Each structure stands twice: as structure tokens, then as C-alpha cells.
RNA sequence: GUGGGUAUAGCUCAGUUGGUUAGAGCGCCGGUUUGUGGUACCGGAGGUCGGGGGUUCGAAUCCCCUUACCCACCCCA
């Protein structure tokens, strides 16, 4: 077949291949998230990629319906690919919460699909890492959500990040007082842009999309533009929503969450009360979170979430309040890539064993098997090439350690451990090799 | 979905007003005498210039279409 007859190998817009370095980075990020979630007792679940279309549509607002991949399956059923993990979770809860009992805490790490235009850190297929606590209205769960986010970013190696927090009730309270309760969606969307386009433009948009008066705009902006010291802000907010039961409750909740987070050891510098964050998604009703990296705020929020009153109301009569958040794995990865924080390792094993003495294959196989039994990840080179070439391979793949055993060493029942970063070597008896390797690994810089 | 930009080797990019066999750096493979990689030196492979069509004696270079990526809007992880 001539070259021009070949099918062009290519991927769809917004869909990507992952080469080992990217796949290793992504998996290790997900492993970290998994460990943090588990450390708080969240349990894993999974749901299907495809759902009946009626299960998915009309849940996240118009925009998500537009961006959903949908088609008819072979049996003529209208189906959709999940757009996020929250809506399938709502269906899941409506179906199974009776067996699970409440409160129920789950995490779910899986890809989702959105047919929107791509951009830096925005793809059509991307991984989300959600965790939610459902079946409780306790503010303690809101605090726990914040603590999980905080632990998560620390575990991922970030020091400089900021969790912005707000409460929808504060905004709702104000809207109620201004007689704008039915315009909540356009108003919140406009407010969400405050950081980006400034107060004048927000006012314009408010008037245009929600038909607000100048006075209403002023009141909205007075509230959302609040800045400064936290307790002062809370006091100001209190005044601005005074008279609205919802609003006052919202301020009280904010105060509570912030206070407990502080008591739990989250430094003030990493939690910012930001009255301008609103979140586009319709289902949030209480606390809302967004997380920004200090080094790259422009990539947007890398972990967002909040509290919702009634997740599964369209599927069941049972009321299921909850709170949770979603880590944007691929967006975070794009950010880390840009910041040069992605490990370029293309090997996953810790120990490289060159096939040095070609006629001792059985010895090498036995040695590797023993090391693996001892819990090490070991790669044996498949060909008896020149030692230098084999070490070069190991070096390029980023192996931390090599174990060189040639005829002399086999005779003496010794092995040479080589630290590939420094070139330093040392000899140990083969019977002590596993222990020595573990020690060597432990003493390496992370 | 709308508007703007970009597309040349695996990667980052040169390529003069359209003119012969399209270049560099890095990377990759091999070598610098047989048991030690990352540096140095030598050599090599690799591109129908994103794809298709058109203008021209002649197109990487000009025009049209298409696809992907980047930026903005929108929305959001």
C-alpha cells in the first residue's frame, strides 16, 4: 500500500492522546486525589458513560444541554454522554440511596464530555475528580469540603493557591430584597464576570440581560465589590442583606465555615471571602468554592463546587441536600505543564536492571522476581546490548536506580547499586539487595 | 456557535520581492576498540512544507476551501 492510501492518523478536536510522560503525570495526580478523598472516608463509585438523554438534559442549565454529546443508539434510544459527574450522581442517588443510607460520601474519578470550543486547559474530553457528601445539611460538611480541597492542593505540592468562598444565600437574599429573585441566573452570571470586566461593564450587562435599574445595579455592586478584612466584610454584608432571612442565614453560614476552617488550621491566606464568585451552574444554593493557583490565575478555577439543596429532585421525592467539589484534572495538568511542574519521567519503575551477562538470563529473571516480591518496581532490559547503551536508556527514562550485576558480581553474589542522578555506586550482597534498594529510594530527593 | 491568529523534521523555529537537490538547534539512531549513562567529537536516519483545489513556465511563499491548534466572546474543570 502506498503512503497516499493510508488513513491519516489523527484525533478529534478537543480529544487527546496521552504519551507516557503525560499519562504518568495524570495518573499520579489522580492517585493523590484518591488518597486524599479516602483519608476523609469518601468511597469510590462509578456510573455509565451513556445515560438516557432525559436523565441528563435540563439539569445544568441551557448551556450544558447545548454542549452535550447526544445520539440515538442502535435500538433507537435517545442517549447522551455525561457532561459532568454531578448529574449522573443525582440519578445514582435517586436510584440507590435507600441501600446506601445517609449521609453518603463518595468520590468519582472519570472522564466527561462537552462539545464546546477548545482553549488552553479546555478540552472536549476531560477528567474530573468529584467528591460529594450527600444527605446532610450540616455546615460541618461544607467545612470538610473546604478542608479536602486544601489538603488536596498541599498533597499535589502546591503552596500558593487560594480557595475563594462565597454563599449563594447572600446573593439570593440581596436579590430578594431588590425584587430580582426571578432574575437570579442572569444576575449571577453577570456578577461572576466582575473580576474580569469590571463594575461598569457588569452594570451594563445587568441592565441588558436582567433589565435592572441603576439603583439595583448599585446595590448589587456594593455587595459584590466588598473587599478588605474578613470580619469587616462580614459585618458589611450583614448590613446589606439585613431584613432578608435568606441573606442573613447566608452570612451566618459564611461566618461559620470560615471560623471552623481557621480552627482546623487552614491559613487565612489560602481562603478568601469573595462575594463576586457566583458559579454559573444553577443547582448551587449555599456555600460555593473556586480554587485558583497563585502562579497562574488566568487558567481559571481548577477545583470548584458548592452546596445544593436538593440534588435529585427531578428523579425522586426524597430530598437530598449535599455539598461537594470537582477537581479539574486536565486543566490543572495544563497549568502544571505551563509552570514546568510536570515530571518528565517516562518510566514508572524504580529499578533498572541491565541484561549484562547475556548467558545468565535465568539469574536475572530470578533476581527481578525476588525484587518484585519485595515490593519494588523493576524493569529488566530485554537485550544484551552494550552496558553503556542500556544505561543510557535508563537515564533517558528517568530511572532513579540501576542494579548492575555482571559475571564478576554473580560469582561473588554481589550487586552494584547505581544512583543514576549522581553516578555514585555501591556494592551490596545480593541477599540484602531489596533492603538496600528501598533505603536508597527512600533517601532520594522527592 | 461568532470573530482574529497560526500550521515547515519527533520538539522549538529559520526560509529573503514565488525561482534549481527546503535549513538550524535540540531530540533520536550509530560510532569514538571489547564491564558503566547524562558532557565532548564524528557520522546517520527523518519533511510530497497540515490536507484538498486554484493562479503561474515555476508555489513552503499568492488565492479559495477544509482540518487542527492558540487568543477573545460565550461558558466552564
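Numbering (my numbering), first residue to last: 8 to 453. Note that the Cβ used here is the ideal one computed from N, Cα and C, for glycine as well. Computed from a predicted structure; not experimentally measured.
Nearest-angstrom Cα separation, counted from residue 350 out to residue 422: Mapped onto the first chain, residue 422 falls at position 415. Mapped onto the first chain, residue 350 falls at position 343. Approximately 29 Å between the Cα atoms of the pair.
Using only alpha-carbon positions, find the residue among 171, 195, 267 that is nearest to residue 180. Translated into positions along the first chain, residue 180 becomes position 173. Comparing Cα positions, the closest option is 195.
Using DSSP with H/G/I as helix, E/B as strand and the rest coil, what is residue 469? Outside the modelled stretch of the chain, which goes from 8 to 453, sits residue 469, for which no answer is possible.
Whole-angstrom C-beta distance between residue 313 and residue 293, which should lie under 8 Å: Taking the first residue of the first chain as 1, we reach residue 293 at position 286. Taking the first residue of the first chain as 1, we reach residue 313 at position 306. Contact flag correct, Cβ pair sits at about 7 Å.
State the beta-bridge partners of residue 335 as determined by DSSP. Taking the first chain and counting its residues from 1, the one referred to as residue 335 is at position 328. Partner(s): 135.
Of the choices 63, 83, 114, whose alpha-carbon is the least far from that of residue 46? Numbered from 1 along the first chain, position 39 holds the residue referred to as residue 46. Residue 114 is the option with its Cα nearest to residue 46.
Residue range of the unbroken beta strand (DSSP E) whose run includes residue 436: Indexing the first chain from 1 puts residue 436 at position 429. Counting along the chain, the beta strand (DSSP E) containing residue 436 begins and ends at 432–436.
Taking only the alpha-carbon atoms, compute the straight-line gap between residue 337 and residue 169 and give it to the nearest angstrom. Sequence index remark: in the first chain, residue 337 carries index 330 (1-based). Sequence index remark: in the first chain, residue 169 carries index 162 (1-based). If you draw a straight line from the Cα of residue 337 to the Cα of residue 169, it comes to about 19 Å.
Residue 40 and residue 340: beta carbons closer than 8 Å? Here residue 40 refers to the residue found at position 33 when the first chain is read from its first residue. Here residue 340 refers to the residue found at position 333 when the first chain is read from its first residue. No, the Cβ-Cβ distance between residue 40 and residue 340 is not below 8 Å.
Does the Cβ of residue 112 have 16 or more other Cβ atoms within 10 Å, making it buried, or fewer, making it exposed? Start at 1 with the first residue of the first chain, and residue 112 comes out as number 105. With 16 or more Cβ atoms within 10 Å of its Cβ, residue 112 is classed as buried.
Taking the runs of the alpha helix (DSSP H) that are 4 residues or longer, which of them lie wholly in the stretch 46–111? DSSP runs (the alpha helix (DSSP H)) wholly in the stretch 46–111: 60–63, 69–73, 93–107.
Given this structure, state the Cα-to-Cα distance separating residue 240 from residue 323, to the nearest angstrom. By one-based count along the first chain, residue 240 stands at place 233. By one-based count along the first chain, residue 323 stands at place 316. When rounded, the distance between both Cα atoms is 39 Å.
Since residue 148 is in the alpha helix (DSSP H), which residue starts that stretch and which ends it? Locating residue 148 in the first chain gives position 141, where the first residue counts as 1. The continuous alpha helix (DSSP H) containing residue 148 extends over residues 146–162.
Helix or strand or just coil, what does DSSP make of residue 370? As a working note, residue 370 is residue 363 in the first chain. DSSP places residue 370 in helix when its eight states are reduced to three.
Classification of residue 439 by the beta-carbon crowding that lies within 10 angstroms, buried from 16 upward: Walking along the first chain from the start, residue 439 turns up at place 432. Exposed, by the Cβ-count rule.
Does the separation of the CB atoms of residue 405 and residue 353 fall below 8 Å? Walking along the first chain from the start, residue 405 turns up at place 398. Walking along the first chain from the start, residue 353 turns up at place 346. For residue 405 and residue 353, yes; Cβs fall inside 8 Å.
Among the residues of its own chain, which have a CB less than 7 Å from the CB of residue 20, if the five just before and after it don't count? Within the first chain, the letter at position 13 stands for residue 20. Counting only Cβ-Cβ distances below 7 Å, and skipping sequence neighbours, we find 125, 131.
In whole angstroms, what separates the C-alpha of residue 393 from that of residue 100? By one-based count along the first chain, residue 393 stands at place 386. By one-based count along the first chain, residue 100 stands at place 93. CA-to-CA, the gap between residue 393 and residue 100 works out to about 59 Å.
Candidates 396, 217, 50, 298, of which the one nearest residue 166 by Cα: Numbered from its first residue, the first chain carries residue 166 at position 159. The option with the nearest alpha carbon to residue 166 is 298.
Evaluate residue 301 with the Cβ neighbour count: other Cβ atoms within 10 Å of its Cβ, from every protein chain shown; 16 or more gives buried, anything less gives exposed. By 1-based counting over the first chain, the position of residue 301 is 294. Looking at its Cβ environment, which holds fewer than 16 other Cβ atoms inside 10 Å, residue 301 is exposed.
So, residue 81 versus residue 58, is the Cβ gap smaller than 8 Å? Working through the first chain from its first residue, we reach residue 81 at position 74. Working through the first chain from its first residue, we reach residue 58 at position 51. In terms of Cβ geometry, residue 81 and residue 58 do not form a close pair [threshold 8 Å].
So is residue 103 buried or exposed if we call it buried at 16+ other beta carbons inside 10 Å? Taking the first residue of the first chain as position 1, residue 103 is located at position 96. Counting Cβ neighbours within 10 Å, residue 103 comes out exposed, since fewer than 16 surround it.
DSSP three-state assignment for residue 255, whether helix, strand or coil: For the purposes of this step, residue 255 is taken as residue 248 along the first chain, with counting starting at 1. Note: residue 255 maps to helix in three-state DSSP.
Can you tell me where the alpha helix (DSSP H) holding residue 355 begins and where it ends? Stepping through the first chain from its first residue, residue 355 is reached at position 348. Where residue 355 is concerned, there is no enclosing alpha helix (DSSP H), given that its DSSP letter is neither H nor E.
Nearest-angstrom Cα distance between residue 230 and residue 147? By one-based count along the first chain, residue 230 stands at place 223. By one-based count along the first chain, residue 147 stands at place 140. CA-to-CA, the gap between residue 230 and residue 147 works out to about 26 Å.
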